[in-house]
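Just so you know, the sequences run in chain order A and B.
Position 115, counted from 1, in the first sequence is what my numbering calls 409; the numbers after and before it change by one each time, with no gaps.
Position 79, counted from 1, in the second sequence is what my numbering calls 85; the numbers after and before it change by one each time, with no gaps.
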Amino acid sequence: MSDEIIRVEELNKTFTGKSGTIVALDGVNLSIRRGEIFGIIGLSGAGKSTLVRCINFLERPTSGRVLFQGRDLAELKPRELLLARQSMGMIFQGFNLLSQRNALQNICFPMEIAGVPRADAKKRANELLELVGLSDRADAYPSQMSGGQKQRIAIARALSTSPSVLLCDEATSALDPNTTRQILELLKHINKALGITVVMITHEMKVIETICNRVAVIDESHIVEMGEVKDIFIRPQSKIAKQLIFPQGDDAPNISKAGKRSLRLVFDGTSAFEPIISQMTLDCRAAVNILAANTKNVDGKTYGQMVIQLPEDEVSAARIEAYLKDRSIFFKEEVPENAECDTGRYS
Amino acid sequence: MLNAILVGILETVYMTVVSTIFAYVIGLPLGVILYVTDKGGTHPILWLNRVIGFIVNFLRSVPFIILLVWVMPITRAIVGTTIGSTAVIVPLVIAAAPFIARMVESSLKEVDLGIIEAAQSMGASSFQLIYKVLIPEAKPSLLVGSAIAITTILGYSALAGTVGGGGLGALAYNYGYIRRDEDVLLVTVILLVIVVQIFQEVGMLIAKKADKRVK
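Below, the structure written as C-alpha cells:
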C-alpha cells in the first residue's frame, strides 16, 4: 500500500457537553491515495468537518487511529505533530486570512512558522501569487478582496510550505457558482501540476462530480458508501447518496406505463460524450421515444441512465439493439412495473 | 502660578505615561495568560486561570483611594518615599495592571477563532500563536484599549494628588480645595479635560490607522 497517504482506522469522536454526549464520528475507516482528489460528502451535522479536523489532529479522536504517511499521529511528540501539520495545508469556508496582513504577508505566514528565511519566503510567495493568478494583488488586504480572491490567497498560503495534502473544508460553500467553478479548476490544476493529494469536504454534489476521483458519503457519523465517483453516480446505494445525487427526489428513471418495448441504457462514462441517440436514430433510420433520462456530465464523460421506447417495427427495434451492442452501451429490457393496468387500458 | 501649572502638566503627563507603560508590562502578559488558559483557550490551564482571575478581580474591586494608602509600604520599599510623582507610579501601576489585563483579554477574545484554527492547522506553536496571530490581529482593539487605559490612569493620577502625589490633581486639591481658589480649580479642570482629549483622540487615531480591515 505504498500509494496510500492517509489512513483512518475505526475512528470515533464524541463530544461531552452539558447536554450529554454527542457522537460526531462512529467507526470511520478511510484510505486516501497519494495524488487523488478524495471527496467527503454529507449533510451539515453529519460529522464531515470533525472528520477532516481529525485528519490533521486539530481534534483528537476519542479512539481509533489516523496514519499520515504511515505514521500514527497519536504517537507523535508535540513538536513532530506541528511538523506533520506543516505538510498538510488546509483551506476553509470562511477563508480565515489574517486581516491585518496583506496578501503577500498572508502567504508568507506558514513559512514564518516553519522558519523559512524571509527572502526565500517572499520569493516563493510571489511564485504562488502567480500560480493562483493574483500577482497584482500582493499588497491588498483581505478586506479589499472578493471572496474568490480571498480563497485563492488562502490556497496559495496553504501551499506555501509545499504540503503533500491539501484539506479543503467546505472551501467553495461561501462562493457563487461562477467563482466556485474557478476555484475548483484551480484545485484540479494544483492537483495535476503539483501532484498534491486533495481532500474535499462538501455538502454539494456538484463539487464532487466536478473534481473528485473517489468519494465517501457520510451520514449520521458513519461512512455509508465509498468508491469511485462514477460508480456512486450510476448506482447510489444509500438513501443519503440518492438524495444528494437526485435532490428532486427522483430516483433512477422509473417507467410505469411502457406500452411498447422499452430499454434502459446505462452510460458509465466509458463512451466519450457524443450524440449517441441522435446518431442512432440516423443510422438505424428509426425514431425512438425518450421516456426518461437522468444523465450527468462528469469530467467530460456521460454518466447516468436513460429509458427509450423502441419502435413497434421489429426490424427497426432489432437494428437499434444491434447498434447499442456495437457501441458497447449497456442496456436491458425494461419490464413495466404495473403491466396489468396497462394491458387493461389498451384493451 | 503659571510655573506651578506648567510643572503640574508635566508631572501629570510623566505619571500617566510611565504608569501606563509599567501597567502594560504587567497587564499585557496577564491578559494573554487569562485568554490562553481559559476554558476553550489555546492552552487551557484552569487552575492558573482561576488564580489570576481572582487576583485581578480582587485588585479591581479595591477603591483606588484605599489602594493608594494600602500599598504605601510597597511604594516606600520600591521608591524610597511615598510622596511625589514618582511614588504615585507604584499604586497607579498596581491599580491599572489588572484593569489592563481584563481589557487585553477582551480584545483577544474578539480575534476570529477561524484564524486561530488556520494557524494551528499550519503547525503554529502556542507561543507563535500569541505573538504572530493573537496580538497582531487584536492590535487595533488593543490600541483602542490603551487609549481608554491611559485616560483612566490620568484620572487616577489626579486622585493621587490628595495623598501627596504631584501633578494637576495636587494643584487642584491644594489651591482649589484647601485654599478655595476657584480660578485655579477651573484652570486645572480645563487642562485635565484637554490632556484627556489629546490622549484619547491620538490613541483612537493611531488605532484607526493601524486597522487594515477598513479602507
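Built from N, CA and C at the ideal position, the CB exists for glycine as well.
Could you tell me whether the segment 360-368 of chain A touches the segment 82-101 of chain B, using the rule of 3 or more Cβ pairs below 8 Å?
The segment 360-368 of chain A vs the segment 82-101 of chain B: no contact.
What in chain B is Cβ-close to Tyr597 (chain A), meaning under 7 Å?
Under the 7 Å cutoff, chain B gives no residues; its nearest Cβ is about 34 Å from Tyr597 (chain A).
Note down the Cα distance separating His497 (chain A) from Ile571 (chain A), rounded to an integer number of angstroms.
Their Cα atoms are separated by approximately 33 Å.
According to a CB-to-CB cut-off of less than 7 Å, which residues of the segment 451-465 of chain A neighbour chain E?
The structure shown contains no chain E; the protein chains it does contain are A and B.
Starting from Arg642 (chain A), trace the beta strand (DSSP E) in both directions and tell me its first and last residue.
This structure cannot settle anything about residue 642 (chain A), because the visible part of chain A is limited to 295 through 641.
Between the segment 450-459 of chain A and the segment 406-425 of chain A, can you find at least three pairs of beta-carbon atoms closer than 8 Å?
Yes, the segment 406-425 of chain A touches the segment 450-459 of chain A.
Between the beta-carbon of Ser25 (chain B) and the beta-carbon of Ile159 (chain B), is there less than 8 Å?
It is a contact, given that the beta carbons lie within the stated cut-off.
Alpha carbons only, please: which of B:Arg56, B:Ala124, B:Asp217, B:Gly170 is nearest the one belonging to Met285 (chain A)?
Lying outside 295 to 641, the shown extent of chain A, residue 285 (chain A) is not represented and no answer is given.
Of the residues A:Ile477, A:Gln438, A:Ala487, which one's Cα is nearest the Cα of Val501 (chain A)?
Nearest C-alpha to Val501 (chain A): A:Ile477.
Any chance the segment 206-217 of chain B sits against the segment 162-177 of chain B, with 3 or more Cβ pairs inside 8 Å?
These segments do not touch.
Report the three-state DSSP secondary structure of His483 (chain A) (helix, strand or coil).
Here His483 (chain A) sits in helix by DSSP.
So the alpha helix (DSSP H) Lys417 (chain A) belongs to, where does it begin and stop?
Counting along the chain, the alpha helix (DSSP H) containing Lys417 (chain A) begins and ends at 412-425.
Rounded to the nearest angstrom, what separates Ser550 (chain A) and Thr589 (chain A) at their Cα positions?
Below a pLDDT of 50, predicted positions are generally treated as unreliable, and Ser550 (chain A), at 49, falls in that range; no measurement from the model is reported.
What's the C-alpha gap between Val77 (chain B) and Gly46 (chain B)?
Computed Cα separation, rounded: 35 Å.
Taking 8 Å as the threshold (beta carbon to beta carbon), is Gln126 (chain B) in contact with chain A?
Gln126 (chain B) counts as touching chain A.
So does Glu519 (chain A) have its beta carbon nearer than 7 Å to some heavy atom of the ligand FMN?
Absent from the structure shown: the ligand FMN. Ligands present: none.
Measuring CA to CA, which of A:Arg395, A:His516, A:Ala510 is closest to Ile526 (chain A)?
Comparing Cα-Cα distances from Ile526 (chain A) to each of A:Arg395, A:His516, A:Ala510, the minimum goes to A:Ala510.
Where do the N-terminal and C-terminal ends of the beta strand (DSSP E) with Met494 (chain A) fall, by residue?
Per DSSP, Met494 (chain A) belongs to the beta strand (DSSP E) from 491-496.
So, with DSSP's three-state summary, where would you put Asp513 (chain A)?
If DSSP states are grouped into helix, strand and coil, Asp513 (chain A) belongs with the strands.
The beta strand (DSSP E) that contains Gly388 (chain A), what's its start and end?
No beta strand (DSSP E) holds Gly388 (chain A); DSSP gives it neither H nor E.
Could you check if Ala612 (chain A) is buried or exposed, using at least 16 other CB atoms within 10 Å of its CB as the buried criterion?
So Ala612 (chain A) counts as exposed.
Please classify Asn63 (chain B): is it buried, with 16 or more other beta-carbons within 10 angstroms of its beta-carbon, or exposed?
Its Cβ having fewer than 16 others within 10 Å, Asn63 (chain B) is exposed.
If you follow the alpha helix (DSSP H) that Phe527 (chain A) is in, where does it begin and where does it stop?
Residues 523-528.
Here's the rule: buried if 16 or more other CB atoms are within 10 angstroms of the residue's CB, otherwise exposed. What is Ile331 (chain A)?
Buried.
Are the beta-carbon atoms belonging to Pro404 (chain A) and Arg451 (chain A) less than 8 Å from one another?
Closer than 8 Å, so yes.
Return the chain-ordered list of same chain residues with a C-beta closer than 6 Å to the C-beta of Ser325 (chain A), the five sequence neighbours on each side being excluded.
Contacts found: Glu298, Arg301.
Does the beta carbon of Leu376 (chain A) come closer than 8 Å to any beta carbon on chain B?
Output row for Leu376 (chain A): interface = yes.
Taking C-beta pairs closer than 9 Å, name the residues in chain B that Ser440 (chain A) reaches, listed in chain order.
The premise fails here: Ser440 (chain A) is roughly 14 Å from chain B at the closest Cβ pair, so nothing lies under 9 Å.
For Ile121 (chain B) and Leu392 (chain A), which I take to be in contact (beta-carbon distance under 8 Å), what is that distance rounded to the nearest angstrom?
The pair is a contact, with the Cβ atoms about 6 Å apart (cut-off 8 Å).
Between Val190 (chain B) and the rest of its own chain, which residues show a CB-CB distance below 6 Å, the 5 nearest in sequence each way excluded?
The answer, listed in chain order, is Tyr181, Gly182.
Between Gln134 (chain B) and chain A, is any beta-carbon pair separated by less than 8 Å?
It does: the Cβ of Gln134 (chain B) has a partner Cβ on chain A nearer than 8 Å.
Cutting at 8 Å between CB atoms, please list the residues of its own chain near Leu177 (chain B), excluding the five before and the five after it.
Excluding positions up to five away in sequence, the list reads Ala10, Ile11, Gly14, Gly167, Val190, Thr194.
What are the boundary residues of the alpha helix (DSSP H) that Val202 (chain B) is part of?
Its alpha helix (DSSP H) spans residues 188-216.
Quick one: is Gly120 (chain B) near chain A, going by C-beta distance under 8 Å?
Taking Cβ atoms only, chain A reaches closer than 8 Å to Gly120 (chain B), which makes this a yes.
Taking Arg4 (chain B) as the reference, which of B:Ala93, B:Tyr30, B:Ala130, B:Ile184 has the closest Cα?
Outside the shown range of chain B, which is 7 to 221, sits residue 4 (chain B), and nothing can be said about it.
Measure the alpha-carbon distance for Tyr640 (chain A) versus Lys342 (chain A) and round it to whole angstroms.
In this prediction, Tyr640 (chain A) scores a pLDDT of 38, lower than 50, which makes its location untrustworthy; the coordinate-derived value is nonetheless stated afterwards. So the alpha carbons of these two residues sit roughly 52 Å apart.
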